[in-house]
Amino acid sequence: MSRRSILIRGGHVVDPLNERDGISDVLVRDGVVTDVGPSLSAPGGAEVFDAAGLVVAPGLIDVHVHLREPGFEAKETIATGTAAAAAGGFTTICCMPNTRPVLDSVEVLEDLNARVERDGQVRVHPIAAITKGREGVEAVDFSALAATGAVGFSDDGDTTADSAIMRSALEASRELNRPVMVHCEDKALASGAMHEGEVSGNLGIPGIPAEAEEIIIARDLMLARLTGGWLHVCHVSTGRGIDLVRRAKAEGVRVTAEVMPHHLTMSDGWVAGERTLLNVDEPPGAPAPAADPDTKVNPPLRTAEDTRLLLAALQEGTFDVVATDHAPHAAPEKQGSPYERAAFGLSGLEFALPLMLALVRAGHFSLTDVVRRLSLEPARLLGVPLGNLAPGNIADLVVFDPEERWVVTPDRLRTKSANTPLLGMELRGRAKLTLVGGEERHRD
Ligand SMILES: [Zn+2]
12 MSRRSILIRG
22 GHVVDPLNER
32 DGISDVLVRD
42 GVVTDVGPSL
52 SAPGGAEVFD
62 AAGLVVAPGL
72 IDVHVHLREP
82 GFEAKETIAT
92 GTAAAAAGGF
102 TTICCMPNTR
112 PVLDSVEVLE
122 DLNARVERDG
132 QVRVHPIAAI
142 TKGREGVEAV
152 DFSALAATGA
162 VGFSDDGDTT
172 ADSAIMRSAL
182 EASRELNRPV
192 MVHCEDKALA
202 SGAMHEGEVS
212 GNLGIPGIPA
222 EAEEIIIARD
232 LMLARLTGGW
242 LHVCHVSTGR
252 GIDLVRRAKA
262 EGVRVTAEVM
272 PHHLTMSDGW
282 VAGERTLLNV
292 DEPPGAPAPA
302 ADPDTKVNPP
312 LRTAEDTRLL
322 LAALQEGTFD
332 VVATDHAPHA
342 APEKQGSPYE
352 RAAFGLSGLE
362 FALPLMLALV
372 RAGHFSLTDV
382 VRRLSLEPAR
392 LLGVPLGNLA
402 PGNIADLVVF
412 DPEERWVVTP
422 DRLRTKSANT
432 PLLGMELRGR
442 AKLTLVGGEE
452 RHRD
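Heads up: take any position in the sequence shown, counting from 1, add 11, and you land on this note's numbering.
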């Protein structure tokens with residue numbers, strides 16, 4: 012069955028790989044980008060989409076998402092999570108294995124792949140666990156899982172404490188050319204609920220020191236050096252943490268790293284009730300009550316100085332990709348609980364684009380930089396031929412309005428769980444059309 016044709020007319024095409032950054036038309040036929048250029052004519056029967064004033068970019072790719080299915084469907088499902096992805100401009104996501112059952116066997120992965128086939132609105136690549144049950148005791152069968160579609164390995168949510176298992180995982184990563192994606196947290200130091208510092212002291216909330224993260228980043232970089240394996244450091248949140256990655260890269264260690272938009276724009280002051288985005292020029296948000304569980308995330312929101320150091324590391328390219336760590340939780344697990352008892356995690360898929368666009372407006376990045384970190388580089392990391400709009404490529408793309416203002420309310424979101432401290436705030440930037448293989452998966 013031939014798919015619909017669509018001519019996206021007059022948009023600002025941003026395509027870093029092909030060095031496009033200007034007004035162009037984009038023609039999509041049969042699921043493929045067939046032409047990019049000025050004044051294209053629409054073939055018979057094609058829809059013409061007026062993109063004047065809008066940006067046309069390769070579809071965004073998120074390497075760190077929690078879809079929660081199977082096992083935690085009250086938080087999110089493959090259907091709602093991938094709909095949220097499409098609404099956020101994402102056309103490919105990678106899902107973390109901390110489901111029930113854990114993605115640790117060929118059988119579970121095959122079941123997940125079948126669910127994705129049935130319910131997925133965007134492309135989904137699974138990340139398999141490093142250890143069975145994510146229990147840190149016995150390594151999974153890395154090559155069998157890679158052959159079943161695992162694009163990486165992670166015990167995300169926890170650090171794999173056993174250094175010998177980490178060594179074997181990194182050795183497997185070298186052979187399989189798949190990253191080991193690590194959540195760095197020394198559990199013995201990390202019994203708190205927010206960043207340990209002046210703010211946690213004032214609020215009387217137990218803290219998680221930056222060192223809990225940095226110690227494990229240092230260990231894992233050493234094991235990557237030892238093995239020649241591919242280490243991918245998830246959600247780096249501290250300035251010293253990314254400095255360790257910077258130095259390891261300079262020494263030739265095979266390491267990639269991701270940063271989250273919330274760690275670039277929010278600090279531990281948000282736990283105290285601040286609602287002004289950092290490093291941007293947006294109007295201040297109205298203060299919120301202190302200890303709002305929707306500010307609780309792991310790794311925690313760090314200091315304002317950390318946000319500046321992470322921003323600089325993204326500008327210089329020490330961070331390879333921006334990812335969201337989309338971590339939906341149902342309301343009872345978040346609201347109304349004491350801060351220490353509330354679940355860790357923020358909703359992310361529908362906020363990455365507006366938060367990154369705020370950083371563009373503040374002059375920290377160009378649109379090309381943002382598309383590079385949210386699409387081209389994640390595609391390279393996954394080894395998939397996406398992340399660019401060259402004619403002949405699969406038509407995964409997003410058309411977004413970089414200026415449209417919208418207020419974050421649960422009814423504007425496609426995710427099942429609106430656990431975000433951005434609730435009630437006005438953001439700018441919204442996906443208007445998301446195509447996956449030329450098929451419309453979101454229109455606003
Ligand atoms: Zn994590």
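Where a beta carbon is used, it is the ideal one built from N, C-alpha and C, also for glycine.
*Please confirm whether residue 437 and residue 418 have their CB atoms less than 7 Å apart.*
yes
*Please indicate yes or no: does the CB of residue 375 lie closer than 6 Å to some heavy atom of ligand 1?*
no
_Considering Cα atoms alone, identify which of 111, 61 and 98 is closest to residue 79._
111
_3 or more residues per run - each beta strand (DSSP E) lying fully within the segment 68-93_ = 71-76
*Is residue 167 near ligand 1, judged by its Cβ being under 6 Å from some heavy atom?*
yes
*Kindly identify the DSSP beta-bridge partner or partners of residue 417.*
438
*State yes or no: is the C-beta of residue 195 nearer than 6 Å to some heavy atom of ligand 1?*
no
*Could you give the distance in angstroms between the alpha-carbon of residue 83 and the alpha-carbon of residue 60?*
38 Å
*Can you say whether residue 180 is buried or exposed, counting buried as having 16 or more other CB atoms within 10 angstroms of its CB?*
buried
*Closest to residue 259 by CA distance: which of 329, 148 and 270 is it?*
329
*Cα separation between residue 402 and residue 38?*
9 Å
*Could you check the C-alpha separation between residue 434 and residue 428 for me, to the nearest Å?*
12 Å
*Can you find a heavy atom of ligand 1 that lies under 6 Å from the Cβ of residue 105?*
no
*Apart from the five residues just before and just after residue 297, which ones in its own chain have a Cβ nearer than 7 Å to its Cβ?*
286
*Could you check the C-alpha separation between residue 74 and residue 95 for me, to the nearest Å?*
15 Å
*Could you check where the alpha helix (DSSP H) with residue 318 kicks off and where it finishes?*
315-327
*asked:* Measuring straight from C-alpha to C-alpha, what distance separates residue 240 and residue 192?
replied: 11 Å
*What whole-angstrom Cβ distance do residue 219 and residue 201 have, given they're in contact under 8 Å?*
5 Å
*With a 10 Å radius around its C-beta and 16 neighbouring C-beta atoms as the bar for buried, classify residue 50 as buried or exposed.*
exposed
*Please determine if the segment 245-255 and the segment 173-190 are in contact, where contact requires at least 3 C-beta pairs separated by less than 8 Å.*
no
*Helix, strand or coil: which one does DSSP assign to residue 390?*
helix
*Verify whether the separation of the beta carbon atoms of residue 93 and residue 141 is less than 7 Å.*
no
*Residue interval of the alpha helix (DSSP H) (run including residue 212)*: 209-214
*Among all the DSSP beta bridges, which residues are the ones paired with residue 47?*
37
*Over the uninterrupted beta strand (DSSP E) stretch that includes residue 25, give me the two end residues.*
17-26
*In whole angstroms, what is the alpha-carbon distance linking residue 454 and residue 412?*
12 Å
*Measure the C-alpha to C-alpha separation of residue 327 and residue 54 and round it to an integer number of angstroms.*
43 Å
*With a 10 Å radius around its C-beta and 16 neighbouring C-beta atoms as the bar for buried, classify residue 174 as buried or exposed.*
exposed
*In or out: residue 304 buried (at least 16 other Cβ within 10 Å) or exposed?*
buried
*Who are the Cβ neighbours of residue 12 in its own chain at under 8 Å, not counting the five residues just before and after it?*
Unreliable positioning characterises residue 12 in this predicted model, as indicated by a pLDDT of 39, which lies under 50. A coordinate reading is not provided.
*Boundaries (first-last residue) of the alpha helix (DSSP H) holding residue 258*: 250-261
*If you follow the beta strand (DSSP E) that residue 61 is part of, which residue opens it and which one closes it?*
58-61
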